[in-house]
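Only one structure is covered here, and it is reproduced in the block below.
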Amino acid sequence: MTITRTQVAIIGAGPSGLLLGQLLHKAGIDAVIVERVSGEYVLGRIRAGILEQVCIDLLDEAGVGARMHKQGLIHEGIEMLFDGRRHRVDLTKYSDGKHVMVYGQTELTHDLMNARQAAGLTTIYEVKNTAVHDFDSVKPYVTYEKDGLTHRIDCDIIAGCDGFHGVCRASAPRTAIKEYEKVYPFGWLGLLSDTPPVNDELIYINSERGFALCSQRSKTRSRYYLQVPLTDKVEEWTDDAFWQELKLRLDQQGRDELVTGPSLEKSIAPLRSFVTEPLRFGRMFLAGDAGHIVPPTGAKGLNLAATDVKYLYDAIVEYYQDKSEAGLDNYSTRCLGRIWRAERFSWWFTQLMHRFPDDGAIIAKFQSAELSYLLHSEAGLRTIAENYVGLPLDFADTAELM
Ligand code: APR
Ligand code: PHB
4 MTITRTQVAI IGAGPSGLLL GQLLHKAGID AVIVERVSGE YVLGRIRAGI
54 LEQVCIDLLD EAGVGARMHK QGLIHEGIEM LFDGRRHRVD LTKYSDGKHV
104 MVYGQTELTH DLMNARQAAG LTTIYEVKNT AVHDFDSVKP YVTYEKDGLT
154 HRIDCDIIAG CDGFHGVCRA SAPRTAIKEY EKVYPFGWLG LLSDTPPVND
204 ELIYINSERG FALCSQRSKT RSRYYLQVPL TDKVEEWTDD AFWQELKLRL
254 DQQGRDELVT GPSLEKSIAP LRSFVTEPLR FGRMFLAGDA GHIVPPTGAK
304 GLNLAATDVK YLYDAIVEYY QDKSEAGLDN YSTRCLGRIW RAERFSWWFT
354 QLMHRFPDDG AIIAKFQSAE LSYLLHSEAG LRTIAENYVG LPLDFADTAE
404 LM
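Going by the working numbering, the first residue of the sequence shown is number 4, and it counts up by one from there.
Listed below in structure tokens is the structure:
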């Protein structure tokens, strides 16, 4: 067995692990990342690409924001289509000047990987049998296998950035953890294509055939989603069938303006709301999808991961520089205040925009009435805009005052 030492052992080289590693590096704190799959595999995951200002600022703080600012698209509004009519939500007007950035998670992950490689930092890919040990002590360590050998990393802190299916949350004592979960009775069939977006801004669609979303990655690359039954298999969906169904859920303007083309990627993702409490177990801290999952409707997954990482980074810096554990002690509470607000919005938006199999026609009428009220009311428009663009970073410190 080889034994090495670092200050922070990060499990997972997705956005959470890479962003934490980059921030710690800038603070002069040593961190090693171990990752189960290859870097190419990580980059092959197609995920949402809507960045809140907090996430934008964090990428700048990490020194990896240049390409995002160059290639990302500022969006100041979204469209909501129901009962055959579009309604624009002016995000900037109703959030006191904020906006979101459209910039694919793949691109962001690429930027983080490039920065880590350029700095000569250690990411060990394609490891097997990662395990976390003694995290209830002040001398935790991680073991993993690679090239037929077992390796050990001694550290002060373990950052569980290993996603929903990772080993860190699974290693927490069952008596110390509470998990909250809601699984939705449908999935999202996503398609990526090198075609110009059907609209300048995103269109969220509640149609009698189900939810659809018209999103984008650039002026020449589009991302579309269709709500589909959980029993659907992606191989059953030809490109033509996808485009045909999307047209049925669009309005006439959309049908006239939609540019179709061959899919670059197609996949079906399940939807769930999931939260772990707490997010800290001794010297092991969960961040990102390792601690929570949102249905993608509100585009909160990446943004929640980013704020977890920011709070954990601040706490780790305080631990080493001020010899204080106050930030580590407050990490879980600080994250959860924000997480639950984003989970609530994502659930609410999902309930509002999707057709649930067991719902009767009356629920569709309720949805129509709620959408009509929200989109013709300053209070309604503000509640959509404030939640969509994201809560301020210091929100978690004032949650008890809300
Ligand atoms: N050992 C090492 N690495 C692991 C292990 C393990 N036992 N288990 C999982 N991993 C890796 C996965 O291969 C993955 O690359 O941890 C990484 C976790 O990355 P993500 O699942 O992308 O989670 P996170 O980094 O928190 O990013 C959250 O991803 O799922 C989206 O919507 C979500 O946009 C959000 C973002
Ligand atoms: C995406 O572009 O993948 C996307 C955008 C907005 C969402 C979900 C996904 O709400």
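Even for Gly, the Cβ is constructed at its ideal location relative to N, Cα and C.
Comparing alpha-carbon positions, which option in G383, P188, K142 and P176 lies nearest R275?
Translated into the one-based positions of the sequence shown, residue 275 becomes position 272. Cα-wise, what sits closest to R275 is P188.
Tell me whether T300 counts as near the ligand PHB, meaning its Cβ is closer than 7 Å to at least one heavy atom of that ligand.
As a first step, residue 300 is located in the sequence shown; it is residue number 297 there, counting from the start. Checking the Cβ of T300 against the ligand PHB gives yes.
Give the straight-line distance between the Cα atoms of S327 and E280, rounded to the nearest whole angstrom.
What you label residue 327 is simply residue 324 of the sequence shown in a count that begins at 1. What you label residue 280 is simply residue 277 of the sequence shown in a count that begins at 1. Straight-line Cα distance between these residues: approximately 23 Å.
Got a sec? Which residues, its chain only, sit under 6 Å from E248 by beta carbon, not counting five neighbours each side?
Numbered from its first residue, the sequence shown carries residue 248 at position 245. The answer, listed in chain order, is L229.
Considering only residues of the stretch 311-382, which uninterrupted alpha helix (DSSP H) runs meet the minimum length of 4 residues and lie entirely inside it, listed in chain order?
With a minimum length of 4 residues, the continuous alpha helix (DSSP H) runs that stay inside the stretch 311-382 are 329-356 and 364-378.
Rounded to whole angstroms, what is the Cα-Cα separation between P232 and W191?
Along the sequence shown, one-based indexing puts residue 232 at 229. Along the sequence shown, one-based indexing puts residue 191 at 188. Spanning the two alpha carbons is a distance of roughly 9 Å.
Quick one: complete beta strand (DSSP E) runs, 3+ long, within the stretch 96-166?
The stretch 96-166 contains these whole beta strand (DSSP E) runs: 103-105, 131-136, 144-149, 152-157 and 160-163.
Three Cβ pairs or more, each shorter than 8 Å: is that satisfied between the stretch 377-385 and the stretch 86-97?
Touching, per the Cβ criterion.
Leaving out the 5 sequence neighbours to the left and right, which residues in its chain are closer than 7 Å to V297 when beta-carbon positions are compared?
Walking along the sequence shown from the start, residue 297 turns up at place 294. Cβ within range, chain order: S276, K303, G304, L307, A345, E346 and S349.
Taking 7 Å as the line, does the beta carbon of T133 fall inside it for any heavy atom of the ligand APR?
Within the sequence shown, residue 133 is the residue found at index 130, counting from 1. Yes; taking the cut-off as 7 Å, the Cβ of T133 has a heavy atom of the ligand APR nearer than that.
I'd like the list of long-range same chain contacts for G264, defined as Cβ closer than 6 Å, with 5 residues on each side in sequence excluded.
Numbered from its first residue, the sequence shown carries residue 264 at position 261. Answer for G264: S196 and T198, listed in chain order.
As a quick exercise: from F284, H168 and A293, pick the residue whose alpha carbon is nearest that of V141.
In the sequence shown, residue 141 corresponds to position 138, counting from 1. It is F284.
With distances taken between CB atoms, is the gap from L194 to L205 smaller than 8 Å?
Taking the sequence shown and counting its residues from 1, one reaches residue 194 at position 191. Taking the sequence shown and counting its residues from 1, one reaches residue 205 at position 202. Against a cut-off of 8 Å, the Cβ pair of L205 and L194 comes out as no contact.
When the Cα atoms are used, what is the spatial distance from V92 to Y391?
For the purposes of this step, residue 92 is identified with residue 89 of the sequence shown, where counting begins at 1. For the purposes of this step, residue 391 is identified with residue 388 of the sequence shown, where counting begins at 1. If you take the alpha carbons of V92 and Y391, they lie about 10 Å apart.
For A34, which of helix, strand or coil comes out of DSSP?
For the purposes of this step, residue 34 is taken as residue 31 along the sequence shown, with counting starting at 1. In the structure shown, A34 sits in a strand (DSSP, three-state: E or B).
Have a look at the DSSP bridge pairing and note the partners of N209.
Here residue 209 refers to the residue found at position 206 of the sequence shown. Bridge partners of N209: F85 and F214.
Roughly how many angstroms separate the alpha carbons of I77 and E238, rounded to a whole number?
Mapped onto the sequence shown, residue 77 falls at position 74. Mapped onto the sequence shown, residue 238 falls at position 235. Straight-line Cα distance between these residues: approximately 34 Å.
Helix, strand or coil for R286, going by three-state DSSP, please let me know.
One-based indexing of the sequence shown puts residue 286 at position 283. Note: R286 maps to coil in three-state DSSP.
Quick one: does the C-beta of A51 sit closer than 7 Å to a heavy atom of the ligand PHB?
Mapped onto the sequence shown, residue 51 falls at position 48. Indeed, a heavy atom of the ligand PHB lies less than 7 Å from the Cβ.
In whole angstroms, what separates the C-alpha of G68 from that of A122?
Translated into positions along the sequence shown, residue 68 becomes position 65. Translated into positions along the sequence shown, residue 122 becomes position 119. Whole-angstrom Cα-Cα distance: 16 Å.
Below 8 Å CB to CB, which residues in the same chain sit around W343 once its five sequence neighbours on both sides are set aside?
To locate residue 343, count along the sequence shown from 1; it is residue 340. So the qualifying residues of the chain are V278.
Tell me the DSSP secondary structure of I14 in three-state form.
Translated into the one-based positions of the sequence shown, residue 14 becomes position 11. DSSP places I14 in strand when its eight states are reduced to three.
Does the distance from the C-beta atom of V262 to that of A290 stay below 8 Å?
Here the question's residue 262 lines up with position 259 in the sequence shown. Here the question's residue 290 lines up with position 287 in the sequence shown. Not a contact, by the Cβ cut-off of 8 Å.
Is the beta carbon of M104 closer than 8 Å to that of G75?
Counting from 1 along the sequence shown, the entry for residue 75 is found at position 72. Counting from 1 along the sequence shown, the entry for residue 104 is found at position 101. Against a cut-off of 8 Å, the Cβ pair of M104 and G75 comes out as a contact.
According to DSSP, I6 sits in a beta bridge with which residue or residues?
Start at 1 with the first residue of the sequence shown, and residue 6 comes out as number 3. R155, per the DSSP bridge assignment.
Whole angstroms are fine: how far does the CA of S270 sit from the CA of G80?
Taking the sequence shown and counting its residues from 1, the one referred to as residue 80 is at position 77. Taking the sequence shown and counting its residues from 1, the one referred to as residue 270 is at position 267. So the two alpha carbons sit approximately 27 Å from each other.
Buried or exposed, going by whether 16 or more other CB atoms sit within 10 Å of the CB of V201?
Translated into the one-based positions of the sequence shown, residue 201 becomes position 198. Buried, by the Cβ-count rule.
Measuring from the CB of D150, is there a heavy atom of the ligand APR at a distance below 7 Å?
Here the question's residue 150 lines up with position 147 in the sequence shown. Every heavy atom of the ligand APR is 7 Å or more from the Cβ of D150, so no.
Just checking H168 against the ligand APR - is the residue's beta carbon closer than 7 Å to any of the ligand's heavy atoms?
Here residue 168 corresponds to residue number 165 of the sequence shown, with the count starting at 1. Checking the Cβ of H168 against the ligand APR gives yes.
Helix, strand or coil: how does DSSP classify D66 here?
Position 63 of the sequence shown, counting from 1, holds the residue named residue 66. Per the sequence shown, residue 66 should be read as Gly rather than Asp. Here G66 sits in coil by DSSP.
Over the uninterrupted alpha helix (DSSP H) stretch that includes R172, give me the two end residues.
If you number the sequence shown from 1, residue 172 lands on position 169. Where R172 is concerned, the enclosing alpha helix (DSSP H) stretches over C171 to S174.
Of all the beta strand (DSSP E) runs that stay within the bounds of the stretch 34-59, which reach a length of 3 or more residues?
The qualifying runs are 34-37.
For D397, name the three-state secondary structure that DSSP assigns.
Position 394 of the sequence shown holds residue 397. Three-state DSSP puts D397 in coil, outside helix and strand.
Looking at the structure shown, is L251 part of a helix, part of a strand, or coil, going by DSSP?
In the sequence shown, counting from the first residue as 1, residue 251 sits at position 248. Of the three classes helix, strand and coil, the one that applies to L251 here is helix, per DSSP.
G330: which of L339, I319 and Q324 sits nearest, CA to CA?
In the sequence shown, counting from the first residue as 1, residue 330 sits at position 327. With distances taken between Cα atoms, G330 lies closest to I319.
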